[in-house]
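Shown next, in structure tokens, is the structure this report addresses.
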Amino acid sequence: SAVISQKPSRDICQRGTSLTIQCQVDSQVTMMFWYRQQPGQSLTLIATANQGSEATYESGFVIDKFPISRPNLTFSTLTVSNMSPEDSSIYLCSVVVQGAGEQYFGPGTRLTVT
Amino acid sequence: GIQVEQSPPDLILQEGANSTLRCNFSDSVNNLQWFHQNPWGQLINLFYIPSGTKQNGRLSATTVATERYSLLYISSSQTTDSGVYFCAVEYIGANNLFFGTGTRLTVIP
């Protein structure tokens with residue numbers, strides 16, 4: 001398994017500002033992902049964070065809105081840019097541990113945009 | 001398109017009752033996992049089960065890959081079982097999980 005931490009755990013932000021969310025894992029992982037969970041909904045994949053290269057974004061998500069960095073095998077950041085109330089969601093970091101098939105999730109960042 | 005459907009969408013149980021949650025998926029999969037999202041939002045791995053049957057305490061899961069469904073059994077339910085249960089699949093050719101619609105379980109004392 002993996003121990004995943006996210007910062008901040010929650011935040012309230014004003015419209016038009018940006019927030020950067022950090023994800024730290026306690027072991028080297030092969031894959032890191034960022035998901036969004038809108039209120040009352042299931043999880044939707046935003047992007048795969050690739051170490052040392054640009055993230056791979058899913059349909060409907062773009063780099064200008066959700067820039068992602070992954071400088072090494074245990075750390076990634078997701079920025080939510082130029083926020084609007086529609087960005088109010090839980091943002092979750094997820095990893096696949098080397099040699100295993102299971103995917104594990106961080107505790108999430110609960111974002112409210114006013 | 002990709003579909004992962006779960007049923008029922010909502011379930012209310014008396015403490016001590018048993019239940020079966022179902023997950024139907026639309027194509028062949030490499031990976032299937034069941035998660036429990038507790039009331040605080042934390043997603044907890046329950047099973048990694050692309051095929052076969054597994055048991056862990058009061059919970060067990062069965063995936064019949066050839067028929068494209070998986071079942072999660074909860075026996076002797078407790079109030080701490082409340083939350084949302086998600087099935088997530090990784091389709092062949094993909095490298096990430098696609099989440100189902102979820103089943104919201106409420107266990108009342």
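Residue numbers (our numbering), protein chains in the order written: chain A, 1 to 114; chain B, 1 to 109. Beta carbons: idealized from backbone N, C-alpha and C, even for Gly.
Check: Output the distance between the C-alpha atoms of SER76(B) and TYR85(B), rounded to the nearest integer angstrom.; Outcome: 16 Å
Check: What's the C-alpha gap between GLY57(B) and LEU46(B)?; Outcome: 11 Å
Check: In this structure, does DSSP put GLU67(B) in helix, strand or coil?; Outcome: helix
Check: Should ARG36(A) be labelled buried (16 or more other beta-carbon atoms within 10 Å of its own) or exposed?; Outcome: buried
Check: In chain order, what residues of the same chain have a beta carbon less than 7 Å from the beta carbon of ILE74(B), not counting five sequence neighbours either side?; Outcome: ASN18, SER19, ARG58, LEU59 and ASP81
Check: What residues in its chain sit with their C-beta under 7 Å from that of GLY6(A), if we drop five residues either side in the sequence?; Outcome: The sequence shown places Gln at residue 6(A), not Gly. Taken in chain order, the residues that qualify are ILE21, GLN22, CYS23, CYS93, GLY106, PRO107, GLY108 and THR109.
Check: For GLY83(B), which beta-bridge partners are listed by DSSP?; Outcome: LEU105(B)
Check: Using the Cα positions of ILE90(A) and GLY16(B), report the straight-line distance between them to the nearest angstrom.; Outcome: 32 Å
Check: Go ahead and label TRP34(B) buried or exposed: buried means 16 or more other beta carbons lie within 10 angstroms of its beta carbon, across all protein chains shown.; Outcome: buried
Check: Measure from the alpha carbon of SER81(A) to the alpha carbon of each residue in GLN41(A), TYR57(A), SER18(A) and ARG10(A), then state which is nearest.; Outcome: SER18(A)
Check: What residues from chain B crowd round ILE90(A), counting only those whose CB sits closer than 7 Å?; Outcome: GLY41
Check: When the Cα atoms are used, what is the spatial distance from MET32(A) to GLN14(B)?; Outcome: 39 Å
Check: Is there a C-beta anywhere in chain B that falls below 8 Å from the one on ILE6(A)?; Outcome: It is worth fixing the name first, because residue 6(A) is Gln in this sequence and not Ile. With 8 Å as the cut-off, GLN6(A) does not count as an interface residue toward chain B.
Check: If I follow the unbroken beta strand (DSSP E) through ILE4(A), where does it start and stop?; Outcome: 4–7
Check: Rounding to the nearest angstrom, what Cα-Cα distance links LEU43(B) and LEU72(B) in this structure?; Outcome: 16 Å
Check: Check each candidate in ILE92(B), ASN95(B) and THR101(B) and name the one with the smallest Cα separation from GLN3(B).; Outcome: THR101(B)
Check: Measure the alpha-carbon distance for TYR104(A) versus GLN14(A) and round it to whole angstroms.; Outcome: 31 Å
Check: Give the residues from the region 83–94 of chain B that approach chain A closer than 8 Å (Cβ to any Cβ), ordered along the chain.; Outcome: PHE86 and ALA88
Check: Let's test the definition: count the other Cβ atoms within 10 Å of the Cβ of GLU90(B) and tell me whether it reaches 16, buried, or not, exposed.; Outcome: buried
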